[in-house]
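Heads up: the sequence shown begins at -9 in my numbering, then just goes up one per residue.
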Amino acid sequence: MGLRKNGVIVVKENITSSNKLEVDTEDSSITRPYHDFKRIFEKAELCCIKEKPQSHMPRGLYPIVMFALRAANSPQSLSETS
């Protein structure tokens, strides 16, 4: 079963402030720059219909952004990008 016709995918990710992929070999995590997420969503044929940074986070942590995604070919996505 795939994403329903009007379905939405929500992604919540740490975003690096550098323009490079950051790999932590200690915990096996990868933190990507903002533009990498946009490229990944486009390649997956997903349209970002809303994004919001998470607020009130402690200093020293990566910024967190939440993305609401819809299939790029869904009627809502086409009308929202026009």
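We put the beta carbon where it would ideally sit given N, CA and C, even for glycine.
- If you draw a 10 Å sphere on the C-beta of R60, you find 16 or more other C-beta atoms in it, and that means buried.
- Rounded to the nearest angstrom, the gap between the Cα atoms of Y52 and T6 is 6 Å.
- Assignment of D26 by DSSP, reduced to helix, strand and coil, places it in the helix class.
- Within the same chain, Cβ atoms closer than 8 Å to the Cβ of L36 are found at I(-1), L59, R60, A61 and A62, the five residues on either side in sequence being excluded.
- Assigned with DSSP and collapsed to three states, K33 falls in helix.
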